[in-house]
Amino acid sequence: MELPSRGVPMIPVRMTEIGANHWTGVVKLPFAGDWSMEVLVSPGENRQVRFVSQMPIRG
């Protein structure tokens, strides 16, 4: 998670496996704004897929 408009660099989120192909993580975001979320998934050996999404957080 990062908030470029406020100069907040990437905040790593520790993920925990809760089932087959299901993961969860918790993060406290210090500011409202349009946060960018990046997820890296390794679906196979020597392969990585990157997902990026914008999330409007209102406070």
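Just so you know, we're using the numbering used here here: the sequence shown kicks off at -6 and counts up by one.
Yeah, the Cβ is synthetic: ideal placement off N, Cα and C, and Gly gets one too.
Since the structure is predicted, the reported quantities are computational estimates derived from the model, not experimental observations.
Worksheet item: By the 10 Å Cβ neighbour count, where 16 or more other Cβ atoms means buried, how is Leu(-4) classified, buried or exposed?
Response: Flag for Leu(-4) reads buried.
Fill in: Cα-Cα separation between Gln41 and Leu33, rounded to whole angstroms
Those two C-alpha atoms are separated by around 7 Å.
Worksheet item: Unbroken beta strand (DSSP E) runs of length 3 or more, entirely within the segment -6 to 31: which are they?
Response: Entirely contained in the segment -6 to 31, the beta strand (DSSP E) runs reaching 3 residues are, in chain order, 8 to 12 and 15 to 18.
Item to complete: Name the two residues that bound the continuous beta strand (DSSP E) containing Arg51.
Response: For Arg51, no beta strand (DSSP E) segment is defined, and its DSSP state is neither H nor E.
Worksheet item: In whole angstroms, what separates the C-alpha of Val1 from that of Phe24?
Response: 9 Å
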